[in-house]
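In the numbering used here, the protein residues as written are 47 to 319.
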């Protein structure tokens, strides 16, 4: 029987919402709402961009520890939000590796770096490296690699299955992306305040002991994912052996802070049976 907890999105104060839960083998455990509706992803774009960067790394086009971004910074710093770049400005506010400064600018410089290394515009490289192989035909990058992706629940469950059981990347590379980079680094998690530590992998928010957080109270510390200011999220919880995607057409705000954790806890409770 499909997961009944997904119907909770009907109570969210949004006009349109869609959600689904998927296993590593692609088995859809449930879907609710218009799964083919295209939503702006906002920062849920970043995991897609990060995955493309990891493909570029495995192809030998870039190295994770080569210089990229501001002086002293590397590709790894840009992916882990430790380059020192400001949130939305291309200016340096801290030395690389010292603080977890969540940065759209960092992902934009990452996209530029990969485009230069591959001689392919980053949006096209993302399409060739990730979207096309996974059959994500409704997904596109329409601007910044940090925030201008557009996709559907149908497409993102393909991506969520890939993260759980990689085919495009060596599983060891994906495991590295889900491992804390620069442990002990403090910083602000947008929308949720200062976190010490503010753990991140390579393009993925790692839950660990963060509180408050956009996932659930019962989400495992190994949960990884991302949320977006357009009212979107994607999490993968290895303990639950499942991933969840939820997309909406209302900007993130107090409503999301209130309903998202309870929704995730309801999904996890149903998965546990």
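Note that beta-carbon positions come from the ideal geometry of N, C-alpha and C, so glycine has one too.
Quick caveat, the model's predicted, so the values are computed rather than measured.
### Message
Looking only at its chain, what residues have a beta carbon closer than 6 angstroms to the beta carbon of residue 249, apart from the 5 residues adjacent to it on each side?
### Response
92, 93, 96, 125
### Task
At 3 residues or longer, and completely inside the stretch 225-264: list those beta strand (DSSP E) runs for me, N to C.
233-235, 239-241
### Query
Distance, Cα to Cα, residue 316 vs residue 163?
45 angstroms
### Message
So, with DSSP's three-state summary, where would you put residue 272?
### Response
strand
### Anticipated Cβ contact below 8 angstroms, residue 277 with residue 308, distance rounded
In fact, because the Cβ distance is near 16 angstroms, the residues do not count as touching under 8 angstroms.
### Query
If we count the other Cβ atoms within 10 Å of its Cβ and call it buried at 16 or more, is residue 240 buried or exposed?
exposed
### Task
Consult DSSP for residue 309 and reduce its assignment to one of helix, strand or coil.
helix
### Which residues DSSP lists as bridging residue 78, in chain order
65
### Query
So what's residue 152 in DSSP terms, helix, strand or just coil?
helix
### Query
Using DSSP with H/G/I as helix, E/B as strand and the rest coil, what is residue 142?
coil
### Query
When you compare only the Cα positions, how much space is there between residue 161 and residue 167?
5 angstroms
### Query
Leaving out five residues before and five after residue 63 in sequence, what residues of the same chain have Cβ atoms less than 6 angstroms from its Cβ?
55, 79, 294
### Task
Take every Cβ of the stretch 203-217, pair it with every Cβ of the stretch 277-286, and state whether three or more of those distances are shorter than 8 angstroms.
yes
### Message
For residue 115 and residue 48, I'd like the C-alpha separation in whole angstroms.
### Response
45 angstroms
### Message
For residue 113, which residues in the same chain have their Cβ closer than 8 angstroms to its Cβ, ignoring the five residues on either side in sequence?
### Response
119, 120
### Burial state of residue 183 (16 or more Cβ within 10 Å)
exposed
### Task
Examine the Cβ distances between the stretch 122-136 and the stretch 172-187 and report whether three or more of them are shorter than 8 angstroms.
no
### Query
Counting pairs of beta carbons, one from the stretch 226-243 and one from the stretch 126-140, are three or more of them closer than 8 angstroms?
yes
### Query
Does the Cβ of residue 154 have 16 or more other Cβ atoms within 10 Å, making it buried, or fewer, making it exposed?
buried
### Query
Is it right to say residue 217 is buried, meaning 16 or more other beta carbons lie within 10 angstroms of its own, or is it exposed?
exposed
### Reference residue 226, options 150, 318, 268, closest by Cα
268
### Message
Please state whether the Cβ-Cβ distance between residue 194 and residue 86 is less than 9 angstroms.
### Response
yes
### Task
Look at the alpha carbon of residue 52 and the alpha carbon of residue 65, and state the distance between them as a whole number of angstroms.
7 angstroms
### Task
Determine which residues share a DSSP beta bridge with residue 281 and list them.
271, 290
### Message
Looking at the secondary structure, which residues open and close the beta strand (DSSP E) in which residue 93 lies?
### Response
Residue 93 -> not in any beta strand (DSSP E); alpha helix (DSSP H) instead, spanning 91-104.
### Query
Ordered along the chain, which non-local residues of its own chain (more than five positions away) have a Cβ less than 7 angstroms from that of residue 83?
62, 64, 198
### Task
Using 10 angstroms around the beta-carbon of residue 111, count the other beta-carbons present and answer buried if the total reaches 16, otherwise exposed.
exposed
### CB of residue 291 within 9 angstroms of CB of residue 67, strictly
yes
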